Amino acid sequence: MASINRLLLRTGPCILLFFLGLFVGRYFLSVNFPDEWDSRSTRSQAAELYVGGVAGNREEQYLLSPNEEDDRLLKDLAEAKERISRLEKKVALVENRTPKRYPFVNFLNHRAKKRILVTGGAGFVGSHLVDKLMMAGHEVTVVDNFFTGSKRNVEQWIGHENFELIHQDIVTPLFVEVDEIYHLASPASPPHYMFNSVKTIKTNTIGTINMLGLAKRVGAKILIASTSEVYGDPEVHPQPETYWGHVNPIGPRACYDEGKRVAETLSYAYAKQDKVSVRVARIFNTYGPRMHVDDGRVVSNFILQALRNETLTVYGRGNQTRSFQYVSDLVEGLVSLMASNFTQPVNLGNPVEYTISEFAAIIRTIVGNNNPIKSIDATEDDPQRRKPDISRAKLHLKWTPKVPLREGLIRTIAYFRGVLEKTKLSQSVIYYPN
Ligand SMILES: NC(=O)c1ccc[n+]([C@@H]2O[C@H](COP(=O)([O-])OP(=O)(O)OC[C@H]3O[C@@H](n4cnc5c(N)ncnc54)[C@H](O)[C@@H]3O)[C@@H](O)[C@H]2O)c1
1 MASINRLLLR TGPCILLFFL GLFVGRYFLS VNFPDEWDSR STRSQAAELY VGGVAGNREE
61 QYLLSPNEED DRLLKDLAEA KERISRLEKK VALVENRTPK RYPFVNFLNH RAKKRILVTG
121 GAGFVGSHLV DKLMMAGHEV TVVDNFFTGS KRNVEQWIGH ENFELIHQDI VTPLFVEVDE
181 IYHLASPASP PHYMFNSVKT IKTNTIGTIN MLGLAKRVGA KILIASTSEV YGDPEVHPQP
241 ETYWGHVNPI GPRACYDEGK RVAETLSYAY AKQDKVSVRV ARIFNTYGPR MHVDDGRVVS
301 NFILQALRNE TLTVYGRGNQ TRSFQYVSDL VEGLVSLMAS NFTQPVNLGN PVEYTISEFA
361 AIIRTIVGNN NPIKSIDATE DDPQRRKPDI SRAKLHLKWT PKVPLREGLI RTIAYFRGVL
421 EKTKLSQSVI YYPN
């Protein structure tokens with residue numbers, strides 16, 4: 001018995017040490033060398049998770065051999081790369097359409113910053129006015145039904161924190177909180193306003209009532225874009241604002257001419273009855289970049305014909321006169337009129353007068369060709385003489401047009417050339433403000 005006890009005392013610690021060694025060794029190896037111990041199972045689990053995530057078929061993975069798993073992984077990786085590259089292309093396309101850098105915008109503090117609504121702000125004149133107001137640092141909301149206007153005219157501002165674009169017809173009421181309203185929404189060229197003459201009358205009457213009503217409700221100042229057409233085929237030359245006009249009330253142009261005359265009448269009725277602060281601009285022929293290329297007016301007609309090497313067509317004998325104002329001059333005049341205290345109608349136009357034949361010859365020279373100029377039948381009710389008397393604007397707004405015809409035409413022809421050169425619809429010709 002004593003000998004057994006002695007044996008246990010001697011061998012017991014050795015046996016204990018042996019089992020302890022086994023336990024520690026196993027633990028040490030499993031912590032530090034998991035890949036060597038279990039690399040196959042770890043890898044297949046990763047493969048299973050990855051492929052399962054992409055293909056969504058876990059059960060299938062258990063059936064794949066290691067080589068098949070590798071092939072499957074490579075195939076999915078290639079597919080993912082392909083998808084990412086397609087997405088990158090789409091992102092680049094979107095980035096190209098949305099300018100990342102906006103034109104410079106002035107900082108205005110909350111007292112100086114105004115909330116301004118521009119109806120028809122996606123049109124030719126409206127978009128230039130929007131540029132001016134945005135660059136001055138104001139908050140600008142455009143409402144437009146895109147009948148003749150286009151998002152492209154204002155795309156330089158889309159996404160800017162001071163800019164908002166509302167797609168709406170102003171014949172339906174609009175509720176926004178604003179300090180000033182420039183009411184420009186109306187087709188302006190004869191083919192456009194004659195296209196749906198009833199709609200033109202509604203826009204200039206119901207639409208104007210809606211805008212005057214809005215101005216009344218929110219206490220905003222409102223400027224109405226009227227036109228030299230309120231003078232009709234004038235018997236007084238040049239035309240001062242005191243001239244009442246010579247308009248055929250049932251002729252083809254009446255929807256526009258009379259529509260604008262009613263818009264003026266409505267403005268002064270709201271001013272008198274509801275104390276709305278109104279401004280009325282009688283705008284004469286205006287031209288510049290972003291004009292509708294197919295508006296059928298003399299400037300776009302001649303430029304397109306000259307650029308396309310076609311005969312320049314003159315309605316009638318070509319001795320009727322027009323005066324042409326560059327769009328930046330008009331915009332200066334509109335902003336000065338809004339800022340002024342003058343509430344009577346004001347002519348805004350360039351008083352330098354040209355016959356239509358002279359004008360055709362000037363465009364031909366700038367474009368640099370010698371196309372023939374041909375007379376065709378005169379249009380009905382086409383005014384024979386047009387020239388603004390701008391004494392009021394000079395006196396009350398200290399405004400005179402500055403851009404000479406040749407300079408304005410060079411810029412406009414460059415814009416039209418760009419429009420004609422674009423080959424795909426997706427290529428936009430963005431005219432950025434200076
Ligand atoms: N361009 C000129 O030579 C000229 C001359 C005299 C007066 N005007 C006046 O100036 C304003 C602007 O003229 P423009 O040359 O920029 O014309 P435009 O056709 O380029 O712009 C008019 C804008 O009003 C929008 N519009 C039309 N009807 C609308 C409606 N019912 N609701 C919402 N939006 C509508 C059009 O989509 C367009 O964006 C017009 O009121 C026009 O009568 C212009």
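Going by the UniProt record's numbering, 403 is the number at position 403 of the sequence shown; the sequence numbering is gapless. For glycine and all other residues, C-beta sits at the position ideal for the given N, C-alpha and C. The structure presented is a predicted model; accordingly, all values stated were derived computationally and were not measured.
Quick check on residue i - is its C-beta less than 8 Å from some C-beta in chain D?
i, result
"residue 199", "Annotation note: the requested chain D is absent from the structure, which comprises a single protein chain."
At which residues does the alpha helix (DSSP H) containing residue i begin and terminate?
i, result
"residue 416", "405-421"
"residue 192", "190-195"
"residue 329", "327-339"
"residue 258", "254-274"
"residue 393", "No alpha helix (DSSP H) contains residue 393, which DSSP labels as neither H nor E."
"residue 127", "124-135"
Flag residue i as yes when its Cβ comes closer than 7 Å to any non-hydrogen atom of ligand 1, and as no otherwise.
i, result
"residue 184", "yes"
"residue 92", "no"
"residue 286", "yes"
"residue 203", "yes"
"residue 247", "no"
"residue 197", "no"
"residue 169", "yes"
"residue 228", "yes"
"residue 145", "yes"
"residue 283", "yes"
"residue 123", "yes"
"residue 148", "yes"
"residue 292", "yes"
"residue 120", "yes"
"residue 126", "yes"
"residue 339", "no"
"residue 207", "yes"
Between the options, which lies nearest to residue i when the distance is taken from Cα to Cα?
i, options, result
"residue 219", "257, 115, 107, 282", "115"
"residue 224", "231, 190, 250, 259", "259"
"residue 366", "412, 355, 326, 375", "412"
"residue 308", "416, 148, 147, 130", "416"
"residue 373", "420, 306, 406", "306"
"residue 162", "134, 170, 183", "134"
"residue 143", "106, 207, 108", "207"
"residue 137", "149, 111, 300", "111"
"residue 360", "299, 248, 402", "299"
"residue 354", "370, 323, 420", "323"
At the level of alpha carbons, what is the spacing between residue i and residue j?
i, j, result
"residue 73", "residue 81", "12 Å"
"residue 344", "residue 393", "11 Å"
"residue 276", "residue 287", "31 Å"
"residue 151", "residue 422", "17 Å"
"residue 141", "residue 221", "15 Å"
"residue 118", "residue 213", "15 Å"
"residue 349", "residue 86", "52 Å"
"residue 328", "residue 174", "28 Å"
"residue 236", "residue 243", "7 Å"
First and last residue of the beta strand (DSSP E) that includes residue i?
i, result
"residue 183", "180-183"
"residue 113", "First-last for residue 113: undefined, no H or E at that position."
"residue 313", "312-315"
"residue 233", "Residue 233 -> no beta strand (DSSP E), and no H or E assigned at all."
"residue 146", "First-last for residue 146: undefined, no H or E at that position."
"residue 364", "Counting along the chain, residue 364 falls outside any beta strand (DSSP E), though it belongs to the alpha helix (DSSP H) covering 356-367."
When we look at the beta-carbon of residue i and count the other beta-carbons within 10 Å, is it buried (16 or more) or exposed?
i, result
"residue 107", "exposed"
"residue 188", "buried"
"residue 382", "exposed"
"residue 246", "exposed"
"residue 377", "exposed"
"residue 432", "exposed"
Less than 7 Å separating the Cβ of residue i from some heavy atom of ligand 2?
i, result
"residue 393", "Because ligand 2 does not appear in the structure shown, any question about it cannot be addressed here, the ligands present being ligand 1."
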